[in-house]
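What follows is a set of notes on a single structure, which appears directly below.
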Amino acid sequence: MNARILFLAGLLGATALGSTGAFAQNSAACTGEAVTLRILRTPGNYPYPAPMEAWQKENPCVKFEINEVPFAQLADTISVQAASSNPPDVLVYDGPNTQSYAASGILLPLTKYLPKDWDEDILPATKAEHSFEGEVYSPGIEQTTVAMYYNKKLVEAAGIKPPQTLDKAWTWPEALAAFKACQQGPAGAPSIWGLGPTRFGNGQPGLVYQDLIYQRSAGDPKAAPESSAYKTFWALSKDGKSVEGYLNTPEAIEALKFYQSLFNSEGVAPKVGIPNAFFDGKACFYIDTPAAGSALIKDPKIEWGITPIPYFKTPIVHTGSTTIGATARSKHPDIAAKFVVDMSTGEYAYMNVSQRGNLPTLKSLFPRFETYNAYPMKVFVDQLQEWGQPRPPGPKFAQYDKLVTDALRAVAFGGDPADLMADAEKKVQRVLDR
Amino acid sequence: MSVSNTLSTASAKPRTRRPATRRQKRDWLFAAGFLAPFMILLLVFQYVPLLVMARNSVYDYSLLNPAAAKFVGLRNFTDMIDYDDAAVSFGVTFLFALGVVVFVIPIAFSLALFLNSKLPARGLVRTMIMLPVVTSSVVVATMWSFLLDPSNGLINGVLNIVGIGNQPFLTSTSQALPALIAMTLWQQVGFGAILFLAGLQGLPVELTEAARIDGATRRQVLWNVTIPLLSRTTLFVVVIMTVFSLQAFAPAFLMTQGGPQESTNLIVYHIYNSAFIMQQAGYASALSVALLLVVLAISMAQMALLRSRWNY
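Line by line, the protein sequences give chains X and U. Note that this note's numbering has the first sequence beginning at 14, numbered continuously upward. Note that this note's numbering has the second sequence beginning at 4, numbered continuously upward.
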């Protein structure tokens with residue numbers, strides 16, 4: 014019995030000592046209530062340790078608890094955790110889902126926490142993507158878009174000189190001629206592809222982020238709002254409530270027939286993924302974000318260049334990246350909001366953006382990134398500022414994204430574009446109507 | 004006095020039921036104690052979710068905001084009729100199950116006959132056919148994605164050698180489902196073979212010996228004695244393979260994402276998609292209820308049709 018009492022007394026003493034130590038450590042700087050912010054993010058994503066540590070020095074009472082899930086499981090995890098009794102305080106999520114999460118009451122409106130000059134400083138496409146019913150729900154830390162990389166050696170050997178500025182950008186037929194001239198081997202099964210496969214998802218074509226721009230570029234945002242050209246460009250009504258007549262238009266079908274030919278009759282692009290095809294010299298051209306350029310700058314496996322994304326009638330690139338927001342049901346909404354806004358503005362934003370090599374969302378930060386001030390990476394900045402559009406924003410974006418991606422993929426695999434787009438319109442409208 | 008005796012006496016003469024003895028009470032207590040962990044787990048993880056699922060099937064809500072659920076009555080069920088996605092998905096799943104069962108049964112039975120014989124290399128074959136069964140579905144699906152690659156896949160490489168051009172396999176509406184059936188067949192046939200082997204080894208030898216003495220050929224013994232006597236095992240394999248196939252998820256999720264054009268949109272993948280991507284959790288629950296009823300109906304029909312008429 015004595016041994017047991019001694020053991021319990023020892024345990025109690027050790028606990029007391031430990032607690033005193035932990036308290037002393039915090040109490041050195043923290044004079045208020047200690048707060049733990051729970052952050053859900055993807056591995057290797059922001060907020061990065063350096064800006065977090067710097068922020069903690071200014072906010073010594075705040076601790077962090079970080080949970081990470083792979084990007085492929087991020088939306089599912091948010092679906093489950095957001096509705097739980099103890100949701101995370103801060104979410105790092107895919108930017109186009111902002112309106113969906115805002116409409117569901119998951120995200121906290123951040124408009125009142127933003128700095129005064131934020132409105133003038135933020136890229137318009139980013140603000141549009143992260144706003145819902147007049148409120149801003151995420152300031153956005155970084156922004157991405159896609160451009161077309163090329164393998165200099167292969168392209169020059171084929172006698173091709175890709176344009177380097179937006180005003181000289183190719184049309185899609187001009188780009189196809191370049192793909193065919195550069196490709197080596199039989200159409201459909203070459204040793205070097207004209208246009209390499211995407212690295213996103215499982216490598217198959219059809220992703221809205223990358224492939225909806227074919228048909229959108231066949232539209233015209235300056236045409237009459239009732240015209241099919243106007244609707245083709247926007248691909249969803251402005252209020253996000255109607256898609257009928259926006260996907261299955263004559264302009265879109267014409268563009269999709271061209272898109273389909275790349276994978277079938279012309280055989281210049283593969284239907285399935287080939288890991289690292291471009292970096293291994295197995296593709297002349299390749300569409301990717303600035304992350305690929307940043308990786309090639311650090312480790313130049315091949316000689317490379319960048320040409321703007323081709324177009325049919327109206328140049329367009331999709332914007333969007335992961336972004337950061339505070340949850341509406343956070344137990345510490347003001348602190349979470351302050352953290353999110355601080356991480357997305359000023360020096361903290363610079364620290365976060367410079368870590369990964371994507372583009373900033375604040376115009377004031379662009380001059381600080383030398384890489385983006387000269388060719389080739391300047392193409393991304395120019396595209397973003399001149400041609401950037403969010404993917405059709407709306408509270409049902411995730412559903413729109415899935416259904417339209419399926420339809421585009423089926424077109425790439427050889428399905429009838431008109432039938433598939435009509436079917437996609439019907440399915441998306443069903444979701445929008447619910 | 005045993006528990007069963009007590010029960011039979013109680014049911015025959017309820018009014019004259021004698022009070023339980025201390026031992027009986029203790030036995031009941033022990034039985035309940037031993038059963039409780041399993042029963043609690045069964046209730047919490049099987050039956051309560053089933054009831055919750057049935058309740059959710061009459062609501063329209065998103066996982067992002069379940070508090071805003073709206074009661075919609077049978078709308079989720081009428082939507083299954085008004086829109087063609089459920090019919091297409093169930094149709095694809097039935098075709099998939101049919102393809103798997105039709106091919107697994109004869110091949111697994113043939114393999115079991117081989118494994119039950121005294122031919123050489125039985126051990127090697129047994130290991131070979133069991134390896135896919137114990138391999139993760141994710142690994143199998145990934146491996147087959149590489150094998151079936153339309154440009155550089157091993158299977159297309161072999162076809163090229165014999166003069167056949169590249170086949171699109173997973174990107175073709177006509178070939179994607181057969182490709183998934185072939186993969187599932189490769190993975191599941193070993194399990195079927197082991198079940199048949201167990202059945203074969205349980206057959207009384209004297210029956211086949213008697214048939215042989217009566218002058219029956221090996222083929223006649225197989226057709227008239229072995230196969231009829233294996234009807235219980237066959238029923239079990241058919242039901243298990245059907246249920247496995249109706250519940251298949253990994254091939255559609257990992258290899259085709261239900262495409263192209265929904266040609267591989269298996270029902271469990273469709274349910275997942277409806278709940279987590281389309282954020283129609285109520286509709287997904289209704290689909291799950293329908294699947295549950297379909298699986299029950301098919302299993303009962305199979306048990307009725309393939310009921311054993313022979314005993315040994």
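Glycine included, each C-beta is placed from N, C-alpha and C at the ideal position.
Pairwise C-alpha distance: residue j and residue i
i      : j      : result
U:L2   : U:A23  : The displayed coordinates of chain U run from 4 to 315. Any statement about residue 2 of chain U would go beyond what the structure contains.
U:H273 : U:S60  : 15 Å
X:G428 : X:G258 : 20 Å
X:A96  : U:N169 : 48 Å
X:G318 : X:W131 : 33 Å
X:D301 : X:A308 : 12 Å
X:A425 : U:G262 : 12 Å
X:A435 : X:A420 : 9 Å
X:L87  : X:T49  : 22 Å
X:T184 : X:Q223 : 16 Å
U:Q223 : U:K121 : 20 Å
X:Q112 : X:G407 : 6 Å
X:Q156 : U:F41  : 52 Å
U:L151 : U:F256 : 16 Å
X:A37  : X:N99  : Confidence in X:A37 is poor, its pLDDT being 36 and thus under 50, which makes the residue's placement unreliable; the coordinate value appears in the next sentence. Approximately 28 Å, taken between the alpha carbons.
X:W68  : X:T211 : 37 Å
Cross-chain neighbours of residue i in chain X, by beta carbon under 7 Å
i      : result
U:F279 : D89 and S92
U:D63  : R447
Chain X contact residues for residue i, given Cβ-Cβ distances below 9 Å
i     : result
U:N68 : A95, A96, A116, S117, G118 and I119
U:Y86 : K439, K440 and R443
Residue i vs residue j beta-carbon contact at 8 Å
i      : j      : result
U:L200 : U:A115 : yes
U:V271 : U:A251 : yes
X:D107 : X:T335 : yes
X:L445 : X:S144 : no
X:Y361 : X:P64  : yes
X:I297 : X:N164 : The amino acid occupying residue 297 of chain X in the given sequence is Cys; Ile does not appear at that position. Against a cut-off of 8 Å, the Cβ pair of X:N164 and X:C297 comes out as a contact.
X:E71  : X:R51  : no
U:L269 : U:V95  : yes
X:G294 : X:M390 : no
X:L372 : X:F393 : yes
X:P321 : X:A182 : yes
X:T418 : X:V159 : no
U:Q282 : X:Q412 : yes
X:F410 : X:P109 : yes
U:Y275 : U:N79  : no
U:T352 : U:A196 : Within the shown structure, residues of chain U are numbered from 4 to 315, placing residue 352 of chain U beyond reach of any answer.
U:D88  : X:R447 : no
Under 8 Å from the C-beta of residue i: neighbouring residues of chain X
i      : result
U:N59  : Chain X residues near U:N59: none, gap ~13 Å exceeds 8 Å.
U:G262 : D419, R422, A423 and F426
U:N2   : In the structure displayed, chain U extends from 4 to 315; residue 2 of chain U sits before or after that span and is not available.
U:F211 : For the record, residue 211 of chain U in the displayed sequence is Thr; it is not Phe. Result: empty, since nearest Cβ-Cβ is about 51 Å, beyond 8 Å.
U:T236 : None at all; the shortest Cβ gap to chain X is about 39 Å.
U:T81  : What U:T81 touches in chain X: nothing, since even the nearest Cβ is about 13 Å away.
U:T229 : Neighbours of U:T229 on chain X: none; closest Cβ ~45 Å, over 8 Å.
Interface partners of residue i on chain U, CB under 9 Å
i      : result
X:V444 : M281, Q282 and Q283
X:A339 : In chain order: nothing, as chain U lies at least about 16 Å away.
Residue i: contacting residues in chain U (beta-carbon distance under 7 Å)
i      : result
X:P283 : S154
X:S357 : Neighbours of X:S357 on chain U: none; closest Cβ ~23 Å, over 7 Å.
Chain U residues whose Cβ lies nearer than 8 Å to that of residue i
i      : result
X:K415 : N276, I280 and M281
X:Q412 : I280, M281 and Q282
Check: residue i C-beta below 7 Å from any heavy atom of the ligand ATP
i      : result
U:S140 : This structure lacks the ligand ATP; in fact it carries no ligand of any kind.
Three or more C-beta pairs under 8 Å: does that hold for the region 90-103 of chain X against the region 56-75 of chain U?
In short, these stretches touch, since the Cβ pair count reaches three.
For the structure I just gave you, are there three or more beta carbon pairs, one from the region 334-350 of chain X and one from the region 114-125 of chain X, closer than 8 Å?
The region 334-350 of chain X, when compared against the region 114-125 of chain X, does touch it at the 8 Å Cβ threshold.
Under 8 Å: do the region 260-268 of chain X and the region 238-247 of chain X share three or more Cβ pairs, one atom per stretch?
Result yes; three or more Cβ-Cβ pairs closer than 8 Å.
Kindly provide the ranges of any beta strand (DSSP E) runs that are 3 or more residues long and lie completely inside the region 291-345 of chain X, ordered along the chain.
Restricted to the region 291-345 of chain X, the beta strand (DSSP E) segments that are unbroken, complete and at least 3 residues in length are 296-301, 317-320 and 335-339, listed in chain order.
Give, in chain order, every unbroken run of the alpha helix (DSSP H) that is at least 4 residues long and sits entirely within the region 121-151 of chain X.
With a minimum length of 4 residues, the continuous alpha helix (DSSP H) runs that stay inside the region 121-151 of chain X are 131-134 and 137-142.
Do the region 195-206 of chain X and the region 271-285 of chain X touch if we need at least three Cβ pairs shorter than 8 Å?
Segments in contact, yes.
In chain order, which continuous runs of the beta strand (DSSP E) of length 3 or greater are located wholly inside the region 188-264 of chain X?
Taking only runs of at least 3 residues, the beta strand (DSSP E) segments lying wholly in the region 188-264 of chain X are 206-208.
Are at least three pairs of beta-carbons, each pair with one atom in the region 400-417 of chain X and one in the region 318-332 of chain X, less than 8 Å apart?
Taking 8 Å as the limit for Cβ pairs, the verdict is that the region 318-332 of chain X does touch the region 400-417 of chain X.
4-residue-minimum alpha helix (DSSP H) runs that sit fully inside the region 45-122 of chain X, ordered along the chain:
For the alpha helix (DSSP H) assignment, the uninterrupted runs of no fewer than 4 residues enclosed by the region 45-122 of chain X are, from N- to C-terminal side, 62-71, 84-95 and 111-116.
Report yes or no: do three or more beta-carbon pairs, one from the region 353-370 of chain X and one from the region 136-155 of chain X, lie closer than 8 Å?
Short answer: they touch.
In chain order, what are the residue ranges of uninterrupted alpha helix (DSSP H) at least 4 long that sit wholly in the region 172-232 of chain U?
The qualifying runs are 179-204, 208-216 and 221-224.
Write down every uninterrupted run of the alpha helix (DSSP H) in the region 377-419 of chain X whose length is 4 residues or greater and which is fully enclosed by it, in chain order.
As far as the region 377-419 of chain X is concerned, its whole alpha helix (DSSP H) runs of at least 4 residues are 391-399.
At 4 residues or longer, and completely inside the region 7-84 of chain U: list those alpha helix (DSSP H) runs for me, N to C.
DSSP assignment within the region 7-84 of chain U yields the following whole alpha helix (DSSP H) runs of 4 residues or more, N-terminal first: 25-45 and 51-59.
When you compare the region 101-108 of chain U with the region 174-189 of chain U, are there three or more beta-carbon pairs, one atom per stretch, that lie closer than 8 Å?
Segments in contact, yes.
For the region 227-240 of chain X against the region 265-276 of chain X, do three or more pairs of beta-carbon atoms, one drawn from each stretch, fall closer than 8 Å, so that the two count as touching?
Output reads yes: the region 265-276 of chain X touches the region 227-240 of chain X.
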